[in-house]
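First residue of the sequence shown? That's 1 in full-length UniProt numbering, and the numbers climb one at a time after it. We treat Cβ as the ideally placed atom computed from N, Cα and C, and that holds for glycine. Owing to the predicted nature of the structure, the values given are computational and were not obtained by experimental measurement.
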Amino acid sequence: MSARRNVLTSQMLPNPAPTAAAPVSTVSTVGASGSAGELLRARRCVAAIDMDCFYAQCEELRHPELKGRPVGVQQKALVITSNYTARACGVQKGDSLQVVKEKCPEITICNGEDLTFYGQVSQQFFDVAARFSSKVEKLGLDEVFVDLTEQVEERSSARDDGGAKMSGLVYPDAEAAGTDCEDGGDAGACWRYLALGSMICQEIREAIQLEVGLSSSAGVSVSKLLAKMVSSWKKPSQQTVFVPTADCLDSLLPESLPVQKIPGIGFASTQRCQVLGIHSIGQLRAVSHERLQEAFDASTVKTMKALCLGLDEAPVKASGAPKTCSAEDSFWQKPLSSNEEAKASLELLAQKLLTKIRMLERSFGPRPVPSLSLTVRHVDRAASGSAGPAAPDGVYRTKRRDPVADRSLGSWGKEGATEGDGDSEEALLERMVTRLVIDVRDSGKPFRRFKKWLEEQPPFDIVIDGANVGFNNQNREGGLFQYSQIDAVIDKLRETGSRVLLVLHPKWLREDADRTVTKRKKRNLDQINLEGNMGSSDDSAEDQEGEPEIQYPFDPITCAERAAPAGTPLAYIRKWKEAECLVRVPAKDCDDWYWLFAALSSARRGARHVQVVSNDHMRDHHWRMVGHRAFLKWQGRHMTRVSIWSETSDVENCKVTLTPPDMYSMQAQVSEDSSAWHFPVPLVPSRAQQLSSGRPLPRKEIESAECHWLAAWRDTPADR
Ligand code: DCP
Ligand code: MG
Ligand code: MG
């Protein structure tokens, strides 16, 4: 046990409340200490982790040469944060640039107007925390709440928690709390509980440091409120554990504490409180519910009354993908004065937006973008006090949402935004595939069983044509079927969090599969009517009418698969079965129908971004379909090509490149009602940048550059 005695000092506490006239003059007689019993019995552990000097650390990450030197981050005329080297010279968050330069002349100032990189780093540390707990809630860019209750429970049942050691500074430490914390009683139990939580929190912070390169500080306690309040007590790179004993609660939440110091009571609520003459939490405790309800609704009153007593039951809400994603620029430094400049800036913003979306997709998987909007705000510079031309209309916004564009980014296909109704298109194609099957397999009964199974599954994001992906040189003498290739593709895709389905014919799901290509297959248009060409040489009668139904999605793992050494076909098959991403098609059927149908069905049922990974050009079994325009369009949007290679002869170590279809049209598009545009933007410096750098790009270079898309909507009066 540490002999260090941690004492709450007045320096750690927020400033005392202002002594402004306060109509609510009575203060409560029972402070937060009354909540101690309830809080000590709560079996909950929450960590509030806050990055140290976040933007400044981000700048150090992307400019490693700044490490160890004083760094400030500027927005407008203020230095919004600085690293701790600069803070040692007295630089404070929010100092003006001028003041900062006086305090620390050698400081390097970085422009922090563009938050894109900070957002990316934020996502990285969020991902690390999310590995430790399923309940991680974002709070701005540099903070997270992590619910560690489950993890603490697990650890306390897995070991004698008497061995748990507090990690960080503790209030009260065991010595200060006498025997309460070390021995029995609620305080002791809570102390031991939080000790486990503090160890996990320390592990998370170390992982963030190691993997992302960020130092952070944290608070650990029984609620979000208490964890957050102590999270910044010791900075940088330290953590504080708060055991809610009566003494500690009274010190943390003294009567004089201004209401705005309580997390959860924001600026607007503080102002309303002030109207009622409530400035301190003592006054908030004393005021009646009825009086508070003059300014707040009943549930807010209840929450505020609890918060000022240190009680907070708010759960840590797992943050999923953010609901919106945006890129913006205030142009305050360099106002736009021509259409050329506006266009160049829009291109840049569209690129930033796409980068952000891609980053979110990596964390949360691809998802539809139901609407895109463009907001333009003209600021009357005369009114805002800065130089520059005044906009004709003062301030107004241009914003329009697209109600019908219920499509994923991936479905901005060759015909882009003007395309027809996706639902009916997919339903039509599904019918076509079913027709194809029925024509060949009289009753199509095995296929119907597959359809039934499929409908019961959530839609898949990715469907892999296993036979195609597995082969190198599929149609040539000497070609070989490689299980490792399929596995490399699956690993790559599953890393993105996508729901992956691997469709394989049973001829590959056995130890003695014939993996070589010995002769070029005969590919005639009439083969569709020749059942003998459809499937495998496997003559098993399992799928004949009247025979036992095949199991979906695959047969149980066999003993041989279980015993198979790593790297062998059976070991891969076992791995795919364990990952539950495999579906086996009936032996007599053509696997192409199955992966195509799985993709169409997934798209119809919501995975509008679904991709089929296959290099198949779909000219044989689909010969009737390739003549269909809807199918060609669908193929253009949903087929991801794959290339697999190995730098050595070691095929087990292959690398994978996936090439999804272009997300944009190479032709500018306009919607039927002329209210929306959609056009490709080459990823090259803007015209203005080219001119100022003295290197205008030749047209050829622009045409061959990679493109991103840009979409814009015309404003309508109804939207204003
Ligand atoms: N920030 C901002 N405007 C402010 C305050 C902060 O844009 N008025 C930005 C810059 C910070 C980031 O938000 O880097 C996180 O805010 P914090 O209050 O957590 O401050 P820091 O992380 O910079 O420093 P600390 O080490 O005190 O947490
Ligand atoms: Mg911070
Ligand atoms: Mg913060």
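Asked, Found
"Check: Glu-143 C-beta below 7 Å from any heavy atom of ligand 3", "yes"
"Residues sharing a beta bridge with Pro-172, DSSP", "Partner(s): none; Pro-172 has no beta bridge."
"CB contact flag (Pro-172, Val-243, <8 Å)", "yes"
"Neighbour-count burial assignment, Cys-58, 16 or more Cβ in a 10 Å radius", "buried"
"CA-to-CA distance, Val-146 to Ser-134, given in whole angstroms", "8 Å"
"Sufficient close CB pairs (3 or more, under 8 Å) joining the segment 205 to 220 to the segment 51 to 67", "yes"
"Status (buried if at least 16 other CB within 10 Å, exposed otherwise) for residue 737", "Because the chain here runs from 1 to 720, residue 737 falls outside it and cannot be looked at."
"Pick from Val-585, Ser-269, Gly-310 and Arg-69 that is closest to Arg-285, judged by C-alpha positions", "Gly-310"
"Helix, strand or coil at Leu-493 [DSSP, three-state]", "helix"
"Cα-Cα separation between Glu-547 and Asp-589, rounded to whole angstroms", "Residue placement at Glu-547 is poorly supported in this model, since its pLDDT is 49, which falls under 50; the coordinates still yield a value, given next. Those two C-alpha atoms are separated by around 15 Å."
"The segment 223 to 239 / the segment 193 to 206 touching (three or more Cβ pairs under 8 Å)", "yes"
"Cβ-heavy atom distance, Asp-591 to ligand 1, below 7 Å", "no"
"Reduced DSSP category for Ser-288 - H, G, I as helix; E, B as strand; rest coil", "coil"
"Cα-Cα separation, Ser-704 to Arg-641", "20 Å"
"Local Cβ density within 10 Å of Glu-143, reported as buried at 16 or more and exposed below that", "buried"
"Given Ala-318 as reference, the closest of Arg-499, Arg-43, Ser-601 and Ala-130 once Cα atoms are compared", "Ala-130"
"Coarse secondary structure for Ser-217, derived from DSSP in three states", "strand"
"Reduced DSSP category for Asn-111 - H, G, I as helix; E, B as strand; rest coil", "strand"
"Span separating the alpha-carbon of Cys-110 from that of Val-613", "43 Å"
"Beta-carbon proximity list for Asp-247, same chain, < 6 Å, skipping 5 on both sides", "none"
"Continuous beta strand (DSSP E) stretch holding residue 734: start and end", "Examination of residue 734 is not possible in this model, given that the chain is present from 1 through 720 alone."
"Extent of the continuous alpha helix (DSSP H) to which Leu-346 belongs", "339 to 364"
"Cβ-heavy atom distance, Asp-487 to ligand 3, below 7 Å", "no"
"Residue interval of the beta strand (DSSP E) (run including Val-463)", "462 to 465"
"Beta strand (DSSP E) segment containing Arg-695, residue limits", "Careful: Arg-695 lies outside any beta strand (DSSP E) and carries neither H nor E."
"Supposed contact pair Val-369 and Val-503 - C-beta distance, whole angstroms, cut 8 Å", "Their Cβ separation, rounded to whole angstroms, is 28 Å, which puts Val-503 and Val-369 out of contact at 8 Å."
"Host alpha helix (DSSP H) of Phe-554 (start-end)", "It is not in any alpha helix (DSSP H) - Phe-554 carries neither H nor E in the DSSP assignment."
"Rounded C-alpha distance that separates Arg-435 from Tyr-594", "13 Å"
"Ser-536 (DSSP reduced to helix, strand or coil)", "Only weak support is given to the placement of Ser-536: the predicted model assigns it a pLDDT of 37, under 50, and the value that follows is read from those uncertain coordinates. If DSSP states are grouped into helix, strand and coil, Ser-536 belongs with coil."
"Touching by the beta-carbon criterion (3+ pairs, under 8 Å), the segment 596 to 614 and the segment 426 to 440", "yes"
"The segment 114 to 121 / the segment 97 to 106 touching (three or more Cβ pairs under 8 Å)", "no"
"For Arg-69 and Ser-371, the rounded distance between their alpha carbons", "44 Å"
"For Trp-508, the residue or residues it bridges with in DSSP", "Beta-bridge pairing links Trp-508 to no other residue."
"Alpha-carbon to alpha-carbon, Ile-702 and Asp-337", "Here the sequence assigns Ser to residue 337, which means Asp is not the residue at that position. Cα to Cα, Ser-337 sits roughly 24 Å from Ile-702."
"For Asp-461 and Pro-660, the rounded distance between their alpha carbons", "13 Å"
"Where Leu-632 falls, given that 16 or more other Cβ within 10 Å makes a residue buried", "exposed"
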